[in-house]
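Peer 1: I have a structure I would like to understand better, so I am pasting it below and will then ask my questions one at a time.
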Amino acid sequence: MLGPKLHCGGAIITDFHILTAGHCIAFSVNYRDLSVNVGMHDRLSSSHTVMRLSNGIKHPNFTSNAVRDINDIAVLTLEKRLKFSPKVRPLCLPNSGKDP
């Protein structure tokens, strides 16, 4: 995820949603000012797609201070649907009821 000087990691969870850290969007006023670089596995590579965001929701109990972040998780919603490819795939999650 990129803003003026922000670089955060994330994981694709659906063709419209990215899972990231809450502190990555904690102080964002307008999510449309942020973008996600999909398929970027190396920051020096140019083989990625830039996707704009329509929304971002951090955990309702997210808190941050100088020592640590609590409930540090967020879900980003993309403006457009992702096109999956060999380099752009959703995170594999276990079936419900399975222990990780």
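The sequence shown: position 42 = 42 (the UniProt record's numbering), numbered continuously. Backbone N, C-alpha and C define an ideal beta-carbon position, used for all residues, glycine too.
Under three-state DSSP, which class holds G9?
Peer 2: Note: G9 maps to coil in three-state DSSP.
Peer 1: Along the beta strand (DSSP E) that carries V50, what are the first and last residues, could you check?
Peer 2: Start and end: T49 to K58.
Peer 1: CA-CA distance, F84 and F62?
Peer 2: Between F84 and F62, the C-alpha separation is close to 31 angstroms.
Peer 1: Three or more beta-carbon pairs under 8 angstroms between the region 85-93 and the region 23-33, yes or no?
Peer 2: With a cut-off of 8 angstroms, the region 23-33 and the region 85-93 do not count as touching, because too few Cβ pairs lie within range.
Peer 1: Using a Cβ-Cβ cutoff of less than 6 angstroms, which residues in the same chain neighbour H7 once the five nearest sequence positions on both sides are dropped?
Peer 2: Correct list: empty, nothing qualifies.
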